[in-house]
Amino acid sequence: MASTYSCKHCGTNLNLRSFYAFPPDFYFEAGNKGSVSFSAVDAAKLRFEKEDKIKPFFETLNYWGIQRKRTKMICNSCAHLLGYIYDDGPPLTDTPGQFHMGPSQVIPRAPRKQ
Numbered sequence: 174m175a176s177t178y179s180c181k182h183c184g185t186n187l188n189l190r191s192f193y194a195f196p197p198d199f200y201f202e203a204g205n206k207g208s209v210s211f212s213a214v215d216a217a218k219l220r221f222e223k224e225d226k227i228k229p230f231f232e233t234l235n236y237w238g239i240q241r242k243r244t245k246m247i248c249n250s251c252a253h254l255l256g257y258i259y260d261d262g263p264p265l266t267d268t269p270g271q272f273h274m275g276p277s278q279v280i281p282r283a284p285r286k287q
């Protein structure tokens, strides 16, 4: 049986498919932090906002910089921030990057390993 991924804030089904989920041990330059990552999503369920900040950021020891370009993914139903799109993964399709769902915004997810 396939997993159902919903917005934790309002419960809306995000129509995310396990087929498009990356394996849990797949590494991204932006850091995984135990998040569920997808290569494709249903754009009808989400709103996208470009973010371009110029200030220092540190994600991991090897991933830091001055300018951060990413895209926010926001639930269409309740406007809750679900995660970000970073252009840091291997080219898979014509998509802008990989979809990183934050560990606290989408359910279900495996517990973090310490």
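Per the numbering used here, the very first residue in the sequence shown carries number 174; after that it's consecutive.
Here a beta-carbon is modelled for each residue, glycine too, at the ideal position from N, C-alpha and C.
CA-to-CA distance, residue j to residue i, given in whole angstroms
i    : j    : result
G275 : Y257 : Note that G275 scores 46 on pLDDT, short of 50, meaning its location in the model is unreliable and no value can be drawn from it.
K242 : K228 : 11 Å
G252 : A216 : Reading off the sequence shown, one finds Ala at residue 252, where the question assumed Gly. Approximately 14 Å, taken between the alpha carbons.
F231 : E224 : 16 Å
Y259 : T244 : 7 Å
S212 : W237 : 23 Å
S250 : F199 : 30 Å
M246 : K218 : 10 Å
Y193 : S176 : 12 Å
F221 : S191 : 21 Å
T185 : S208 : 19 Å
I239 : F195 : 28 Å
With 16 other Cβ atoms within 10 Å as the buried cut-off, status of residue i
i    : result
C248 : buried
S210 : buried
L254 : exposed
C183 : exposed
Sequence-distant residues of the same chain with beta carbon closer than 7 Å to residue i, five excluded per side
i    : result
C180 : L187, C248, S250, C251, H253 and L255
Same chain only: Cβ atoms within 6 Å of residue i, ignoring 5 sequence neighbours per side
i    : result
K226 : R241
Original post:
At what residue ranges does the stretch 207 to 258 contain a whole run of the alpha helix (DSSP H), taking only runs of 4 or more?
Top reply: none
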